[in-house]
Amino acid sequence: MKIDMQTGQPIIDATDLAGLLGLTPAEVRDRMRDGRITTRLETGEGDDAGKMRLSFFHDDTRIRLTCSEDGTVLKTLRTKTGSR
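Under this note's numbering, the letters of the sequence shown match residues 166 to 249, in that order.
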């Protein structure tokens, strides 16, 4: 999986995110539009310079993708947040 960074903002394919969240690509697009899926982008500093962490939040699930500067996903973490 790779995050598209050509525009300077991360873009993930809805099919890739759907698989991580257990949704269909159409559900991902709809829920991102209406705010039920939210995101956070963090850029690395110091030893983590050149990396970014992209988190997606949906219901009680957080998906965290650690990526290289070019958008290659290095690590994927799925956790339950305990909130809905």
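Glycine residues also receive a C-beta, built at the ideal position from the N, C-alpha and C atoms.
Query, Result
"Reduced DSSP category for T180 - H, G, I as helix; E, B as strand; rest coil", "helix"
"E207 - partner residues in DSSP beta bridges", "R218"
"Cβ-based burial, I228 [other Cβ within 10 Å; buried from 16]", "buried"
"Closest Cα partner of G187 within the set D169, F222, D213 and A214", "F222"
"Beta-carbon proximity list for P190, same chain, < 6 Å, skipping 5 on both sides", "A179, T180 and A183"
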